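Let me begin by presenting the structure, written as structure tokens, before commenting on it.
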Amino acid sequence: MADKAPGALLTIGELSAELGVPQHILRYWETKFSKLRPLTRAGNRRYYRPDDVTLVRRIHQLLNGEGYTVKGVQKLLSGKTAAPADTPAPVAVDTSAPQMTAPAPLAAPPSYIPDLVLIRDRLKIALAAARD
Numbered sequence: 130m131a132d133k134a135p136g137a138l139l140t141i142g143e144l145s146a147e148l149g150v151p152q153h154i155l156r157y158w159e160t161k162f163s164k165l166r167p168l169t170r171a172g173n174r175r176y177y178r179p180d181d182v183t184l185v186r187r188i189h190q191l192l193n194g195e196g197y198t199v200k201g202v203q204k205l206l207s208g209k210t211a212a213p214a215d216t217p218a219p220v221a222v223d224t225s226a227p228q229m230t231a232p233a234p235l236a237a238p239p240s241y242i243p244d245l246v247l248i249r250d251r252l253k254i255a256l257a258a259a260r261d
């Protein structure tokens, strides 16, 4: 398949293949995230605009990369809770002297998050087995 232009619409199959997520998961996300509304054409064929693709990538990263729940991602996207990367820690500013250094760039999410998600899942399984 030829590469598409950056602003081209993506079909649900193309987006699904890019993310490694089944198509039914993308359709499920449409029911859970009101901001995600791809174009639907004849036969309910879905076409994702660049803004939709960006949103789906963000949802995928939060759910599968950072370990958020669907409800947690809903809260983040609705603005009720700020994402950790979006909210810098408060900094005391000394207004008496001019600031001579540039602020540090935002760091990428820690690389150990997938390991923590794996540990969490193993703990859930162990707790469920212990209850039985």
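Under my numbering, the first residue of the sequence shown carries the number 130, and numbering increases by one thereafter.
Glycine included, every Cβ here is placed at the ideal spot set by N, Cα and C.
Note that the structure is predicted; figures quoted are calculated from it, not measured.
Y241 counts as exposed, since fewer than 16 other beta carbons sit within 10 angstroms of its beta carbon.
When the alpha-carbon of I141 is set against those of T160, K209, Y176 and R170, the nearest one is in Y176.
A direct Cα-Cα distance of roughly 15 Å separates T169 from L144. In the structure shown, the three-state DSSP call for L138 is coil. For the pair I154 and L206, the Cα-to-Cα distance works out to about 18 Å. DSSP, read as helix, strand or coil, puts L168 in strand.
With fewer than 16 neighbouring CB atoms inside 10 Å of its own CB, I254 falls in the exposed class.
Our two residues, G149 and L191, have alpha carbons roughly 15 Å apart in a direct line.
In the DSSP assignment, R260 falls within the unbroken alpha helix (DSSP H) covering I242 to R260. Apart from the 5 residues on each side of it in sequence, P151 sits with its Cβ closer than 8 Å to the Cβ of S145 in its chain, given in chain order.
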